[in-house]
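Structure, as structure tokens:
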Amino acid sequence: MAIERLAQDEVVTAHSDDDLTTVVEKMRDEEVGSVVIVAEDEPISIVSDRKVAMAAAEGDIREQVVEEVMTEDLITAHTNMGMDELIEKMSDEGIRRVPVVDDEGSLAGLVSMDDLLVKLADEISSLSEIPKIQSEKVGHT
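Note that the sequence shown covers residues 1 to 141 in the working numbering.
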């Protein structure tokens, strides 16, 4: 399955020169754990609630802009990437959220570890029905 079908297409975004307080308010208002930082509709970084918490532990975030805390080396996934490949990439990089880009490099969505876990749980649930169906066909209950 291509992650294009799994990705959340409503992504909360901000810009590198936005103040961090505004980004925190967006996270709170939208009830999300991260904001994708974009430049001309292309993802350039991500700021997570963890990054904000770490920045707050070091000082007053009201004086900081996003650029000071955003991830430096953004890992992205392409819309046609398979779920297995994405899981491997996330595991190798130790990341929980990945912006998804289209052929032009524009932001097309976001996939989180939670999204993948829900999808995998659904798949396992579907597989677990097979023995039950087979048993019913044979006449065992």
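By construction, the Cβ of each residue, glycine as well, lies at the ideal position given by its N, Cα and C atoms.
Assign Pro-43 to one of two classes, buried (16 or more other C-beta atoms within 10 Å of its C-beta) or exposed (fewer than that).
Around the beta carbon of Pro-43, a 10 Å sphere encloses 16 or more other beta carbons of the protein chains shown; the residue is thus reported as buried.
At what residues does the alpha helix (DSSP H) containing Thr-52 begin and finish?
The sequence shown places Val at residue 52, rather than the Thr named in the question. First-last of the alpha helix (DSSP H) with Val-52: 49-58.
Quick one: what does DSSP say Arg-96 is sitting in, helix, strand or coil?
In the structure shown, Arg-96 sits in coil (DSSP, three-state: anything other than H, G, I, E or B).
Considering only C-alpha positions, which residue in the set Arg-62, Asp-60, Ala-77 is nearest to Lys-45?
First, the amino acid is wrong: residue 45 is Ser here, not Lys. By alpha-carbon distance to Ser-45, the top candidate from Arg-62, Asp-60, Ala-77 is Ala-77.
Leaving out five residues on either side along the sequence, give the residues of the same chain with a beta carbon under 8 Å from the beta carbon of Val-111.
Ile-3, Leu-6, Ala-7, Gln-8, Ala-77, Leu-86, Arg-97, Val-98, Val-100
Quick one: what does DSSP say Met-14 is sitting in, helix, strand or coil?
According to the sequence as given, residue 14 is Ala; it is not Met. DSSP places Ala-14 in strand when its eight states are reduced to three.
Check the DSSP bridge columns for Leu-74 and list the partner residues they point to.
Answer is none; Leu-74 lacks a bridge partner.
Going by beta-carbon coordinates alone, are Leu-116 and Met-83 separated by less than 8 Å?
A distance below 8 Å separates the beta carbons of Leu-116 and Met-83.
Run through the DSSP bridge pairs and tell me what Ala-39 is partnered with.
Glu-42
Euclidean distance between Cα positions of Glu-10 and Ile-37:
14 Å
Does Ser-91 pass the burial test, meaning 16 or more other C-beta atoms within 10 Å, or should it be called exposed?
exposed
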